[in-house]
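Protein chains: 2
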Amino acid sequence: MELKRLIGCASGREECDLLIKNVKIFNVFTGEISAGEIALAGGKIAGIGYGYRGKSVYDGGGATAIPGLIDSHIHVESSLLSPEAFASLAAAHGTTGIVADPHEIVNVCGIEGAEYIKEAFSRLSVGGVNPIDVYLQLPSCVPATPFETSGAAIDAEETAREIGRELFFGLGEMMNYPAVISGEEETLEKLQAAQEACKPIDGHAPTVSGQLLNAYAASGIATDHESENTAECLEKIACGMFVQLRGGSSASNLKSCASAVNEFNFRRFLICSDDKNARDLMRKGHVDDALRMLVQCGIDPSHAVCMATKNVADCYGLRGKGAIAPAYDGDIVLVKDMLSFAVAAVFKAGVLTVENGKALFDDEQKYFPAAVKNTVRIRSVKADDLKLDIKSGRARAMKVRPYGLISDEEIVSVDCKDGDVILEGTSLLKIAVVERHFASGNIGLGLVKDFGLKGGAIGITVAHDSHNMVILGDNNGDMARIAAALEKAGGGMAIVQNGKEYVFPLDIAGLMSSAPADEVIEKTESLTAIARKMGVKDCYEPFMTPAFLSLAVIPALKLTDRGLFDVTKFEFTTVEVKA
Amino acid sequence: MELKRLIGCASGREECDLLIKNVKIFNVFTGEISAGEIALAGGKIAGIGYGYRGKSVYDGGGATAIPGLIDSHIHVESSLLSPEAFASLAAAHGTTGIVADPHEIVNVCGIEGAEYIKEAFSRLSVGGVNPIDVYLQLPSCVPATPFETSGAAIDAEETAREIGRELFFGLGEMMNYPAVISGEEETLEKLQAAQEACKPIDGHAPTVSGQLLNAYAASGIATDHESENTAECLEKIACGMFVQLRGGSSASNLKSCASAVNEFNFRRFLICSDDKNARDLMRKGHVDDALRMLVQCGIDPSHAVCMATKNVADCYGLRGKGAIAPAYDGDIVLVKDMLSFAVAAVFKAGVLTVENGKALFDDEQKYFPAAVKNTVRIRSVKADDLKLDIKSGRARAMKVRPYGLISDEEIVSVDCKDGDVILEGTSLLKIAVVERHFASGNIGLGLVKDFGLKGGAIGITVAHDSHNMVILGDNNGDMARIAAALEKAGGGMAIVQNGKEYVFPLDIAGLMSSAPADEVIEKTESLTAIARKMGVKDCYEPFMTPAFLSLAVIPALKLTDRGLFDVTKFEFTTVEVKA
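Just so you know, the protein sequences line up as chains A and B, in that order. Its first residue numbered 8, the first sequence is counted upward by one per residue in this note's numbering. Its first residue numbered 8, the second sequence is counted upward by one per residue in this note's numbering.
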């Protein structure tokens, strides 16, 4: 009996599988760090202390042992990495678990996208042990809005059916907070289905406050990662929500929210990364990087570690996770100290999975099922399909706020020739959102001001949240070439500059690359460099800024495959300003 | 849809069922007390704040609202009260939930005893609402030891079958800690069954420390309520256990352990009462009394309240319990302040259940099924059956330590006449433990020194943990009369003094009375007074001290229906010291 052996080892009667010696051990229950040895058996922690014997012994070299780090909310797809490549980087930074919301890939591939993510992670192995636990959320907002064509739609009925599956740990972030607060039936049915299945529900409630926040919390949604400041955090905490401090690549509230944490409430904070790109994952880190940041912001290191370990386990009810104590899973990270959080080694279920900064599992062998391959299906785009006729001479252009995602409406004067707007000599670019799931031929057309690209076009098949093809350019011909190139690549990032094509395929659902992490970083950086040379302003990300131009839940003017959308009025509008 | 209405009320759009006005509200997440109003709908809390409308409005008169109090571990039977009478007293003191381990009644009646407890509580109602949630534990130690005859036995196989039932919330305190630590198969099978059913397991590990504590914690047992001092608490906390501070009638560690609580670890402490008698429940209180004590001991009131609310919910995974926040159950106690914790009113699921110190539900109508009636079955006891022949002139007598439960062995010289020990002129009493479940005729006989009873006999059918009949007396005739009287009463407490019989029936399983609480208190006090007049020393409880003389897990010399037991050697011994 497994339990009998664990108890036998804990009591010192039996020899353990592994003894980690020469470490200091951080205790999430007491907040103390004490010298000791960690005895493990059958993948679990048997005991802490001295006097144990182990079949194998690992010398921790004086490092500090903390529980395996758990990212409480992440969209793995945003790294542009395959699950395997992501896992390798994340593990090397001490991550042993992620609450993953496969929102992006499910919007493209439906449930099969989620199954793919889970399966790809599940196949990873070191000594029979999976290096990263994946708590998979069933995306709650597929599609994110009814104003665009996504690759899949999951209604309340399907949600109710799917949420009961073992595959799904909970319901992913409920971004449609206005629908929750207004009591929209379909949305509430999804929440109710998750509650009836006793599964946690993640939230997303930016700036929601007062009675509206009460309403959001009353729905049973347990978490939020959108707070922007201390007051917002504290109000959500008071409402009983767990607040996730976010250390994402583009969105981070670690600095602005750190002062919300105090000795009484620290158990109500978690750490998440939400969206983290490959470069940051490799060069800065994952949850460990957030820990460093938080400690630099003045948070007690013992509080910070709890936020990435025990608190996550408490919030989501992760049995056996989040502590170094008897009966807990043997998920342990050895860090140099609780200031640098430099990861020296990682154990998962008592097996060494990371040493000297390197994951010890094979991330080259990739799971790549048909369901996530060749997902880019468009009706052939000709240059003439991209003509935009503005008879009135006045048009609505999108202008993105520097370093942000909000795109304001700006009324611009335009000239036309041969039934198409003249871009030359203006600060305007044309933007096309090409439906790419069903080859419907839908193309939304619009104008973008002051983005700063000259002499070609740029395009990407990552376009939140429906991930159609977004193309920006200063001429129709190059834009059409981008569409063809991206179709051929099965999705990706592409540039046409002075007639020359540069393509980096995102061959997994048009969202992620099957290439190794360093190649993904190198290729995306070289494409970014080309875009910069073509004039894309420093205040914009050449690919990611366009990727958010079709997200019709962020103010104020967005473009989907069905046309220009006024987010403020929550209705479609026209590019042309009628007289 | 219920959820839709709750959200509607929370948002302020819809009128709530109840609005509690003019209160301060304690927030278990922030530790803060703030003015506000509590809006409730459908039994749940919709929102906190101002601007809500309620179909009915309750003026809190400036009281402080705290979440309903939850006793994290109690044997209801120890109150000698029926569940109905217990509920009435407990509710009046702010209790809205108990984790109940029906260890005593199940040792008498088997699973039907547990079913009775649950059903009796379930039938209580105020406006369709049950005033006290009962999280029923399946007793893990039935019988507590193999050295006595109990009314029921629940082996690992039955445990595995029963623990899966909705009736049982978890597995009751695993008192047999030596078996856990030594890895005894039958015991581990019980633990494993509970773990497989994902149900919590309560612990009981007095003075267990070091590797042995690691072993106990490795078994997956989550709680302990036996700590005696700060160091013991802190070691158990470090091992990942929840420590229950105990405010029981006979055993209280509130004072000796209070200093273990600090700002980092306070979430790991709970409050329990374990065993609480009717008198204390009525005159001192229940969990509220422990709160008062803890605050007097210097514990921050905000920490103390969490220990009786949110922490209990966290430990046991009680959904919707332990906080006043949106989506939580409307279980609210209004107290004068967080120092006196004087209960002004109680709401359960949004319904007023207690006002002006009185429970608003009927506790007179009692559930009294056949299974727990007439449980005292003995083979008729004649005076001669109680003869104790000591040929060697030397005998082992039990001597109870003052104010305690430990009974030491003392070798005494005795004279015999007609094959029976002579008590007259000595400080000895005879003790008989009469098997009372199956009328087997088993009678264990022994001697007790310095208890101080003269001129009769005293007996009770509460005798931990098998609850046989314990009789003490200075003559066989009166002792035999006690046996007959207790059989006739269906169990209870009895005294024969100078030929006069006084009996208070404990007609529910021989453990609890179906009488109202005030009658139970009055009758037990008047019997106690008689016993005192007969000379029972102040350092002993006339009934409860004998009730523990047959508990063969407490040192050092105990008597069961099968004979004298040496707890130190863990084997039966003889009263007579052979030459």
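Idealized CB from N, CA, C, for every residue including glycine.
Buried or exposed: residue i, going by 16 or more other Cβ atoms within 10 Å of its Cβ?
{"i": "residue 418 of chain B", "result": "exposed"}
{"i": "residue 371 of chain B", "result": "exposed"}
{"i": "residue 344 of chain B", "result": "exposed"}
{"i": "residue 318 of chain A", "result": "buried"}
{"i": "residue 550 of chain B", "result": "buried"}
{"i": "residue 540 of chain B", "result": "exposed"}
{"i": "residue 247 of chain B", "result": "buried"}
Nearest to residue i by CA position, among the options, is which residue?
{"i": "residue 129 of chain B", "options": "B:104, B:48, B:549", "result": "B:104"}
{"i": "residue 190 of chain B", "options": "B:55, B:224, B:261, B:165", "result": "B:224"}
{"i": "residue 56 of chain B", "options": "B:294, B:331, B:256, B:211", "result": "B:331"}
{"i": "residue 34 of chain B", "options": "B:311, B:244, B:265", "result": "B:311"}
{"i": "residue 147 of chain A", "options": "A:32, A:14, A:307, A:472", "result": "A:472"}
{"i": "residue 457 of chain A", "options": "A:206, A:111, A:45, A:553", "result": "A:553"}
{"i": "residue 49 of chain B", "options": "B:217, B:81, B:338", "result": "B:338"}
{"i": "residue 258 of chain B", "options": "B:168, B:85, B:534, B:573", "result": "B:85"}
{"i": "residue 92 of chain A", "options": "A:542, A:522, A:572, A:544", "result": "A:522"}
{"i": "residue 426 of chain B", "options": "B:282, B:483, B:448, B:381", "result": "B:483"}
{"i": "residue 252 of chain B", "options": "B:403, B:21, B:306, B:341", "result": "B:306"}
Leaving out the 5 sequence neighbours to the left and right, which residues in its chain are closer than 7 angstroms to residue i when beta-carbon positions are compared?
{"i": "residue 219 of chain A", "result": "188"}
{"i": "residue 575 of chain B", "result": "562, 563"}
{"i": "residue 102 of chain B", "result": "76, 78, 139, 293, 294"}
Roughly how many angstroms separate the alpha carbons of residue i and residue j, rounded to a whole number?
{"i": "residue 492 of chain B", "j": "residue 501 of chain B", "result": "7 angstroms"}
{"i": "residue 1 of chain B", "j": "residue 203 of chain A", "result": "Lying outside 8 to 586, the shown extent of chain B, residue 1 of chain B is not represented and no answer is given."}
{"i": "residue 538 of chain B", "j": "residue 497 of chain B", "result": "21 angstroms"}
{"i": "residue 201 of chain B", "j": "residue 166 of chain B", "result": "8 angstroms"}
{"i": "residue 304 of chain A", "j": "residue 346 of chain A", "result": "11 angstroms"}
{"i": "residue 524 of chain A", "j": "residue 285 of chain A", "result": "7 angstroms"}
{"i": "residue 461 of chain A", "j": "residue 494 of chain A", "result": "23 angstroms"}
{"i": "residue 107 of chain A", "j": "residue 293 of chain A", "result": "14 angstroms"}
{"i": "residue 444 of chain B", "j": "residue 157 of chain B", "result": "7 angstroms"}
{"i": "residue 125 of chain A", "j": "residue 80 of chain A", "result": "15 angstroms"}
{"i": "residue 228 of chain B", "j": "residue 195 of chain B", "result": "11 angstroms"}
{"i": "residue 26 of chain A", "j": "residue 326 of chain A", "result": "23 angstroms"}
{"i": "residue 169 of chain B", "j": "residue 175 of chain B", "result": "8 angstroms"}
{"i": "residue 398 of chain B", "j": "residue 542 of chain B", "result": "29 angstroms"}
{"i": "residue 116 of chain B", "j": "residue 534 of chain B", "result": "26 angstroms"}
{"i": "residue 423 of chain A", "j": "residue 392 of chain A", "result": "16 angstroms"}
{"i": "residue 28 of chain A", "j": "residue 186 of chain B", "result": "30 angstroms"}
{"i": "residue 465 of chain A", "j": "residue 547 of chain A", "result": "13 angstroms"}
{"i": "residue 13 of chain B", "j": "residue 213 of chain A", "result": "21 angstroms"}
DSSP beta-bridge partners for residue i?
{"i": "residue 409 of chain B", "result": "Answer by DSSP bridge pairing: none, since residue 409 of chain B is not bridged."}
{"i": "residue 240 of chain B", "result": "Answer is none; residue 240 of chain B lacks a bridge partner."}
{"i": "residue 230 of chain A", "result": "A:249"}
{"i": "residue 415 of chain A", "result": "A:406"}
{"i": "residue 276 of chain A", "result": "A:250"}
{"i": "residue 507 of chain B", "result": "B:504"}
{"i": "residue 144 of chain A", "result": "A:177"}
So is the beta-carbon of residue i under 7 angstroms away from any non-hydrogen atom of the ligand SAM?
{"i": "residue 571 of chain B", "result": "You won't find the ligand SAM in this model; it holds no ligand whatsoever."}
So, at 8 angstroms on beta carbons, what are the nonlocal neighbours of residue i in its own chain, with the 5 sequence-adjacent residues on each side left out?
{"i": "residue 557 of chain A", "result": "155, 440, 451, 470, 471, 473, 475, 477, 565, 566, 567, 568"}
{"i": "residue 588 of chain A", "result": "A question about residue 588 of chain A goes unanswered here, because the residues of chain A that appear run from 8 up to 586."}
{"i": "residue 94 of chain B", "result": "128, 131, 138, 139, 366, 368, 370"}
{"i": "residue 216 of chain B", "result": "239, 242"}
{"i": "residue 41 of chain A", "result": "31, 32, 34"}
{"i": "residue 100 of chain A", "result": "76, 288, 292, 293, 294, 295, 296, 350"}
In its own chain, which residues sit with a C-beta less than 6 angstroms from the C-beta of residue i, not counting the 5 before and 5 after it?
{"i": "residue 244 of chain A", "result": "250, 272, 275"}
{"i": "residue 364 of chain A", "result": "99"}
{"i": "residue 54 of chain B", "result": "17, 46, 333"}
{"i": "residue 446 of chain B", "result": "384, 385, 386"}
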